[in-house]
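Colleague: Have a look at the structure that comes next, please.
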Amino acid sequence: MPIYEYKHTKKKGDLCDEVFEVFQRVSAEPLTHCPTCGHPVSKQLSRFGGGVDKLAPSRLKELGFSRWHRRDKGTYERE
Ligand SMILES: [Zn+2]
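Numbering-wise (my numbering), the sequence shown opens with residue 1010 and increments by one.
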């Protein structure tokens, strides 16, 4: 499943990282709002060219990423 990267376009929530990733189907609707705080987000081009999977979790955290998995329709869980 491809990883999409989203960035908060306005103020981010207290519990959020500025940039986060979501695993989505190619056919899935892009997120327009953060699953945590509900603030608007925009889809970003990956900085890593799809290689983000190869980075260690500690490195991801350092770069300000959190990884989200879609559990059910409209529900995302932080890894
Ligand atoms: Zn947020």
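Using N, Cα and C, we set each Cβ at its ideal position, and we do this for glycine too.
For Glu1071, count neighbouring Cβ atoms within 10 angstroms of its own Cβ and tell me buried if that reaches 16, exposed if not.
Modeller: By the 10 Å Cβ count, Glu1071 comes out exposed.
Colleague: For ligand 1, is there a heavy atom less than 6 angstroms away from the beta-carbon of Thr1041?
Modeller: Every heavy atom of ligand 1 is 6 angstroms or more from the Cβ of Thr1041, so no.
Colleague: Using beta-carbon positions only, say whether Glu1027 and Gln1053 come within less than 7 angstroms of one another.
Modeller: Their beta carbons are not under 7 angstroms apart, which means Glu1027 does not touch Gln1053 by this criterion.
Colleague: Here's a check: name, in chain order, each residue in its chain whose Cβ is nearer than 7 angstroms to the Cβ of Gly1059, leaving out the five neighbours to either side.
Modeller: Below a pLDDT of 50, predicted positions are generally treated as unreliable, and Gly1059, at 49, falls in that range; the measurement from the model is reported next regardless. Counting only Cβ-Cβ distances below 7 angstroms, and skipping sequence neighbours, we find nothing.
Colleague: Does the beta-carbon of Glu1030 have 16 or more other beta-carbons within 10 angstroms, so that it is buried, or is it exposed?
Modeller: So Glu1030 counts as buried.
Colleague: Spatial neighbours of Lys1019 within its chain, please: CB distance less than 8 angstroms, with the 5 preceding and 5 following residues excluded, ordered by chain position.
Modeller: These residues qualify, in order along the chain: His1048 and Pro1049.
Colleague: Going by the C-beta, is Thr1045 closer than 6 angstroms to any heavy atom of ligand 1?
Modeller: Yes, Cβ of Thr1045 sits closer than 6 angstroms to a heavy atom of ligand 1.
Colleague: How would you call His1042, buried or exposed, if buried means at least 16 neighbouring beta carbons within 10 angstroms?
Modeller: Exposed: under 16 other Cβ atoms inside 10 Å.
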